[in-house]
Structures are given as structure tokens and as C-alpha cells.
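Asker:
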Amino acid sequence: MNSSQLLSAALLTLFSGTALAQSAAAAKTLASKNACLACHAVDKKLVGPAFKDVAAKHAGQADALEKVSARIKSGGSGLYGPVPMPPQAQLKDDELKLLAGWILAGAPDQ
Numbered sequence: 002m003n004s005s006q007l008l009s010a011a012l013l014t015l016f017s018g019t020a021l022a023q024s025a026a027a028a029k030t031l032a033s034k035n036a037c038l039a040c041h042a043v044d045k046k047l048v049g050p051a052f053k054d055v056a057a058k059h060a061g062q063a064d065a066l067e068k069v070s071a072r073i074k075s076g077g078s079g080l081y082g083p084v085p086m087p088p089q090a091q092l093k094d095d096e097l098k099l100l101a102g103w104i105l106a107g108a109p110d111q
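Following my numbering, the numbering of the sequence shown begins with 2 at its first residue and continues without gaps.
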């Protein structure tokens, strides 16, 4: 099993069954609380890219979780257009990974 398959398996495990509902709800609450949903939607571009577009862009990348977590923490612009995303430096590492995993799983509701 290669590293991208391992990442996919880990994300599916994280967001499967009861764990899926709890993790997805926690991630969505965290996204809402930190104003992520003011600029992002699951399936359409708002100010920033759709979460599904982020997931597609990083599909198959072994370091996707780390990349997306780092991007959330540091913010930036240029990857999806010129509008900057503000940094979310106040988030703890486990919160960053929860959000990044949720986004990479397509931001499921349940």
C-alpha cells in the first residue's frame, strides 16, 4: 500500500460510521466558529475555493494533511487566486488536522 492509499484509508477511518458523524460535526462546528464558512462552501466557490476543490487538488498526495493544515494555520494567497486567506494561527495542531482531514474527505456532513 503506498502512502496516498494509506492517507485515504486513514481519512476514511477517521470519517467512518459513528466516528464520521462526530468528527464531521466537530470539524463543521470548528469551521463555523472560526469563520471558515464565511468564505468557503462544500461544493461551490465563494470568496475561497470549495472544500471539494481543495480535496480534489490534493488527492493522491501523501503529505496532503500536513500541507492543508499548514495552509490553514499560515493563510496566504495565490494557490486558488489572489484573495488572501487570513491565518488561523490560534488553532491547535489537533484542530488544524481535524479541519484539514474533514476538508480532504470532502467536508462531509455526516
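Built from N, CA and C at the ideal position, the CB exists for glycine as well.
Owing to the predicted nature of the structure, the values given are computational and were not obtained by experimental measurement.
Check whether the Cβ atoms of LYS74 and LEU105 lie closer than 7 Å to each other.
Answerer: To locate residue 74, count along the sequence shown from 1; it is residue 73. To locate residue 105, count along the sequence shown from 1; it is residue 104. No.
Asker: Which residues does DSSP pair with LYS46 in a beta bridge?
Answerer: Translated into the one-based positions of the sequence shown, residue 46 becomes position 45. Answer by DSSP bridge pairing, in chain order: HIS41.
Asker: Quick check on the burial criterion: 16 or more other C-beta atoms within 10 angstroms. Buried or exposed for ALA60?
Answerer: Your numbering for residue 60 matches position 59 in the sequence shown. By the 10 Å Cβ count, ALA60 comes out exposed.
Asker: Of the choices VAL43, VAL84, GLY77 and GLY76, whose alpha-carbon is the least far from that of TRP103?
Answerer: On the sequence shown, residue 103 is found 102 positions in, with the first residue counted as 1. Checked all of VAL43, VAL84, GLY77 and GLY76; the closest Cα to TRP103 is VAL43.
Asker: So what does DSSP say about ALA77, is it helix, strand or coil?
Answerer: Along the sequence shown, read from residue 1 onward, the residue named residue 77 stands at position 76. The residue you asked about is not Ala; residue 77 is Gly in the sequence shown. Strand at GLY77.
Asker: Hey, out of ASP95, ASN35 and THR30, whose CA is closest to MET86's CA?
Answerer: Counting from one through the sequence shown, the residue named residue 86 turns up at place 85. Nearest of ASP95, ASN35 and THR30 to MET86, Cα basis: ASN35.
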